[in-house]
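Participant: Counting from 1 along the sequence shown, just add 19 to a position and that's the residue number in the numbering used here.
One structure, pasted below without further comment.
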Amino acid sequence: MDFPQGMTVRARSGVTTPPASRIFHPFSNVVERMDSCDLGERAGSIRHVCDLKGITGMKRSTYTTLGASLFASALLMTACGNGGGEAGSGESGPAGEMVEIGITQIVSHPSLDASREGFKKALAENGYTEGENVTYDEQNAQGDQATATSIAGKFATDQKDLVLAIATPTAQAAAQAIQDIPILITAVTDPVEAGLVESLEAPGGNITGTSDLNPVKEQLGLLKELVPDAKSVGIVYSSGEVNSQVQVDLAKKVAAEMGLEIKEATVSNSSEVQQAAQSLDVDAFYVPTDNNVVSALKSLIGVAESKKIPVIASDAASVEGGAVATEGINYEDLGYQTGIMAIEVLEGADPATMPIQTASELEVVVNPAAAERMGIEIPASLLESADRVIE
């Protein structure tokens, strides 16, 4: 799609990105930190960039982009009609034939659903109208990896123009089944660790997209602000999810620096979450972006309310669902950002050369009623500074 010169492009829900000449580039701090780090053999891995210091040390609402370029740069490339890759024909979409997009999602929960809707919104607001020049084949694996594999295989057989894979398990299934169709990923914590891309800066294959790596340091800092006397934090997570293990490993490192002990319990499916939560004797719960746990959040919150201990979440939707607070990613915005990348691919860009991106902003969301049910009070200063207060 060729955007008129000087036209603004909607970069995320409710926000308009100005022409690239006025884009703020917040990436320099991370680059400086990376220069002084021992990145080891896997220089592109999120887990090996200064042990994530370049990411977890950011202030509120200044979360950085991962990879060598910013989202704004991607928009500039699109505005200039950038092409050059084999992933997209440059002939489909608003000015060409019907685009067929397959969407595969591991399970339904508010954050992943928001990512999907944000993706579709980005396309709709930039000329791709469902039923007119784009169709979506939306599939949900219902938490089953075999089903995710089957869905990916069907998309390969159907020769979709593009595939959106939401969350790590479905992204891995898509990567294994599809080699000749561009894949956009979102809500994937560590694309390198998951075996999806060669590096964040240069994915190297048919996959690119966005990461939802959590600002764990900020989130545990928020926990300490709400529960100053906390000594132990419970984490329930899926032992089989790479993204969850990445977050738990980081949480242990950050917690040790804060004088907190992490106590963990693993699950293999959402039905085990309640029992796992009950098994932990802790002062607070921290919920990473784990698909099984978030889909069963209500059961974990029930345990927390009975124990009178707070739940700190990793996403706003979980706070809306009954957790006390988060400082995290807006998943609709992340999906929207992925949608803009998809437009670029559909117009001819090569996923192999498109750096993995992440959210450019964080939001602080608090739920005073949930805090009361869990036996704590949110400080007035935090209520005043929060981006959103759930009523």
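Just so it is clear, CB atoms sit at the ideal spot from N, CA and C, and this is done for glycine as well.
Let's test the definition: count the other Cβ atoms within 10 Å of the Cβ of Leu-241 and tell me whether it reaches 16, buried, or not, exposed.
Facilitator: Leu-241 comes out buried.
Participant: Once DSSP output is grouped into helix, strand and coil, what is the label at Ser-218?
Facilitator: Coil.
Participant: With 16 as the cutoff for other CB atoms within 10 Å, does His-67 come out buried or exposed?
Facilitator: Any reading at His-67 must be qualified, since the residue scores a pLDDT of 31, below 50, and its modelled position is unreliable; the value itself is stated next. Buried, by the Cβ-count rule.
Participant: Label Gln-356 either buried or exposed according to how many other C-beta atoms from any shown protein chain fall within 10 Å of its C-beta, with 16 as the threshold for buried.
Facilitator: Buried, by the Cβ-count rule.
Participant: Would you decide whether Leu-402 is buried or exposed? Buried here means 16 or more other CB atoms lie within 10 Å of its CB.
Facilitator: So Leu-402 ends up on the exposed side.
Participant: Who pairs with Val-182 in a beta bridge, going by DSSP?
Facilitator: In the DSSP output, where bridge partners are listed per residue, Val-182 has Gly-121, Ile-202.
Participant: Using 10 angstroms around the beta-carbon of Asp-199, count the other beta-carbons present and answer buried if the total reaches 16, otherwise exposed.
Facilitator: Classification of Asp-199: exposed, given that the 10 Å Cβ count is below 16.
Participant: Just tell me which of Glu-276, Gln-124, Glu-144 has its CA closest to the CA of Arg-135.
Facilitator: Ranking the options by Cα distance to Arg-135, first place goes to Gln-124.
Participant: From the DSSP secondary-structure annotation, give me the bridge partner or partners of Asp-3.
Facilitator: For the chain, the structure presents residues 20 to 410; residue 3 sits outside this window and is missing.
Participant: Distance check for Ser-218 and Ile-202, CA to CA, integer angstroms please.
Facilitator: When rounded, the distance between both Cα atoms is 16 Å.
Participant: Span of the alpha helix (DSSP H) holding Ala-141?
Facilitator: Note, Ala-141: alpha helix (DSSP H), 129–143.
Participant: Please classify Gln-264 as buried or exposed, where buried requires at least 16 neighbouring CB atoms within 10 angstroms.
Facilitator: Buried.
Participant: Within the continuous alpha helix (DSSP H) that includes Thr-154, where are the two ends?
Facilitator: Here Thr-154 belongs to no alpha helix (DSSP H); instead the beta strand (DSSP E) covers 153–159.
Participant: In the DSSP assignment, what are the bridge partners of Val-408?
Facilitator: Answer is Val-385.
Participant: Beta-carbon within less than 8 Å of Asp-302's beta-carbon, same chain only, minus the 5 sequence neighbours each way: which residues are those?
Facilitator: The residues are Val-246, Asp-248, Ala-249, Lys-250, Ser-251, Val-252, Ile-328.
Participant: Are Glu-283 and Gly-137 close, meaning C-beta to C-beta below 7 Å?
Facilitator: Cβ atoms of Glu-283 and Gly-137: not closer than 7 Å.
Participant: Return the Cβ separation of Leu-353 and Ala-378 in integer angstroms, given the expectation that the two are a contact with Cβ distance under 8 Å.
Facilitator: Between Ala-378 and Leu-353 the Cβ distance is about 5 Å, and since that is below 8 Å, they are a contact.
Participant: Quick check: what's the CA-CA separation for Tyr-305 versus Met-277?
Facilitator: Answer to the nearest angstrom: the Cα atoms are 14 Å apart.
Participant: Could you name the residues of the same chain whose beta carbon sits closer than 6 Å to that of Gly-340, not counting the 5 residues immediately before and after it, in chain order?
Facilitator: Leu-316.
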